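Trainee: Sharing a structure, written as structure tokens. Questions coming.
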Amino acid sequence: MQSTPLAPADGLAVQANAEPVTRRAGAIAIAAAGIAFLLYPAIRPYGDETTLAGARGMASASWIAAHLSAIAGFILLAFGVQALYGVLRPTPAGKLAARALVATWLGTGLTLTYYGVEVFGAHVIAQHALDSHDAGALDMINDFRFNPAAVTLFAVGLLLLAAGTILAATAIWRSALLARWSGIPLAAAFTLFIPQFFATPGLRILHGALTLAACLYLARTLWRNKP
């Protein structure tokens, strides 16, 4: 039995019914991403990672939980931007939102290749250093952290994420569908993502809190869908 194609009016009705679901799913994903990005620096152990004291932090469950939170945050952000694209696609800013989506997904993929090694690789090496009482084994962590190919992919990934959020903020501004300023704090937070790695623990946690606030602002706007 052949299916009957939707008439134009029927297609618009389906899109109208699906659009609130897309908005709210995107809002939930972005809000959850913000929580994950705060948990990442808040529960991450800090210390001199060239010493056995620092190795205890990297060998702990908190190290794994913190980095898995970051991984979850990047994935949730990508889904949130995908939902945002679904909302903005019919507007004049649709093409710009599509570019934001592509940049965000590419950035997420490149970034997660590094985080996967960081969360599990550093953990295993730190545990080996503790078991052998050999702080010299921790040198291997920097060997893979600063491997030219690895650190380049990581930097490119985070730059693409910054570009994706900037493009998303610009698309929101031009669409006149959502509050114009709602994407700007998130773009600022991801522009600062690389510099925050070189900050003190307190500033890193502050950056996580700012990222959460930015995500909640955009999520609230997306949920309410009000300019």
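Position 66 of the sequence shown, counting from 1, maps to 338 under my numbering, and the rest follow consecutively.
Each residue gets a CB set at the ideal place from its N, CA and C atoms; glycine is no exception.
The structure displayed is predicted, hence computed values, not measured ones.
Please say whether PHE465 and LEU433 have beta carbons closer to each other than 8 angstroms?
Mentor: In the sequence shown, residue 433 corresponds to position 161, counting from 1. In the sequence shown, residue 465 corresponds to position 193, counting from 1. In terms of Cβ geometry, LEU433 and PHE465 form a close pair [threshold 8 angstroms].
Trainee: Residues in the same chain with beta-carbon distance under 6 angstroms from THR323, minus the five sequence neighbours each way, listed in chain order, please.
Mentor: The residue labelled residue 323 in the question sits at position 51 within the sequence shown. Excluding sequence positions up to five before and after THR323, its CB lies within less than 6 angstroms of the CB of ALA407, all in the same chain and listed in chain order.
Trainee: Here's the rule I'm using: 16 or more other beta-carbon atoms within 10 Å means buried, otherwise exposed. How should GLY326 be labelled?
Mentor: Translated into positions along the sequence shown, residue 326 becomes position 54. So GLY326 ends up on the buried side.
Trainee: Pop quiz: ALA375 and ALA435 are said to be a contact at Cβ under 8 angstroms. What is the actual Cβ separation, rounded to whole angstroms?
Mentor: Counting from 1 along the sequence shown, the entry for residue 375 is found at position 103. Counting from 1 along the sequence shown, the entry for residue 435 is found at position 163. Right, their Cβ atoms sit about 5 angstroms apart.
Trainee: Quick one: Cα of THR380 to Cα of ARG328, how far?
Mentor: For this step, residue 380 is matched to residue 108 along the sequence shown. For this step, residue 328 is matched to residue 56 along the sequence shown. If I take the Cα positions, the gap works out to 29 angstroms.
Trainee: May I ask which residues mark the beginning and end of the alpha helix (DSSP H) holding HIS479?
Mentor: For the purposes of this step, residue 479 is taken as the residue at position 207 of the sequence shown. Run containing HIS479: 473-496, per the alpha helix (DSSP H) assignment.
Trainee: Roughly how many angstroms lie between the CA atoms of ALA350 and GLY298, to the nearest whole one?
Mentor: By one-based count along the sequence shown, residue 350 stands at place 78. By one-based count along the sequence shown, residue 298 stands at place 26. Going from the Cα of ALA350 to the Cα of GLY298 covers about 10 angstroms.
Trainee: Could you check what DSSP says for THR323 in three-state terms: helix, strand or coil?
Mentor: Taking the sequence shown and counting its residues from 1, one reaches residue 323 at position 51. The answer is coil: DSSP assigns THR323 none of H, G, I, E or B.
Trainee: Nearest-angstrom Cα distance between GLN468 and ALA314?
Mentor: Residue mapping note: residue 468 aligns to position 196 of the sequence shown, counting from 1. Residue mapping note: residue 314 aligns to position 42 of the sequence shown, counting from 1. When rounded, the distance between both Cα atoms is 13 angstroms.
Trainee: What is the rounded straight-line gap between the Cα of HIS479 and the Cα of PHE309?
Mentor: The count along the sequence shown starts at 1 and reaches residue 479 at position 207. The count along the sequence shown starts at 1 and reaches residue 309 at position 37. Answer to the nearest angstrom: the Cα atoms are 9 angstroms apart.
Trainee: Excluding sequence positions up to five away, which residues of its chain have a Cβ less than 7 angstroms from the Cβ of LEU373?
Mentor: Here residue 373 corresponds to residue number 101 of the sequence shown, with the count starting at 1. VAL353, GLN354 and TYR357, listed in sequence order.
Trainee: Sorted by chain position, which residues of the same chain lie with C-beta nearer than 7 angstroms to LEU490's C-beta, five sequence neighbours on each side aside?
Mentor: Here the question's residue 490 lines up with position 218 in the sequence shown. Around LEU490: ILE302, SER454, GLY455 and LEU458.
Trainee: Which residue wins for smallest C-alpha separation from PHE470, given the options ALA304, TYR318 and ARG296?
Mentor: Numbered from 1 along the sequence shown, position 198 holds the residue referred to as residue 470. Of ALA304, TYR318 and ARG296, the residue nearest in Cα terms is TYR318.
Trainee: Could you give the residue range of the alpha helix (DSSP H) that holds TRP335?
Mentor: Translated into the one-based positions of the sequence shown, residue 335 becomes position 63. TRP335 -> alpha helix (DSSP H) spans 333-360.
Trainee: Measuring straight from C-alpha to C-alpha, what distance separates THR363 and ARG296?
Mentor: Locating residue 363 in the sequence shown gives position 91, where the first residue counts as 1. Locating residue 296 in the sequence shown gives position 24, where the first residue counts as 1. Cα-Cα distance, rounded: 18 angstroms.
Trainee: Whole angstroms is fine: what's the gap from LEU382's alpha carbon to ARG452's?
Mentor: As a working mapping, residue 382 is identified with position 110 in the sequence shown. As a working mapping, residue 452 is identified with position 180 in the sequence shown. Cα to Cα, LEU382 sits roughly 29 angstroms from ARG452.
Trainee: Taking only the alpha-carbon atoms, compute the straight-line gap between ILE444 and THR483 and give it to the nearest angstrom.
Mentor: Locating residue 444 in the sequence shown gives position 172, where the first residue counts as 1. Locating residue 483 in the sequence shown gives position 211, where the first residue counts as 1. Their backbone Cα atoms lie some 18 angstroms apart in a straight line.
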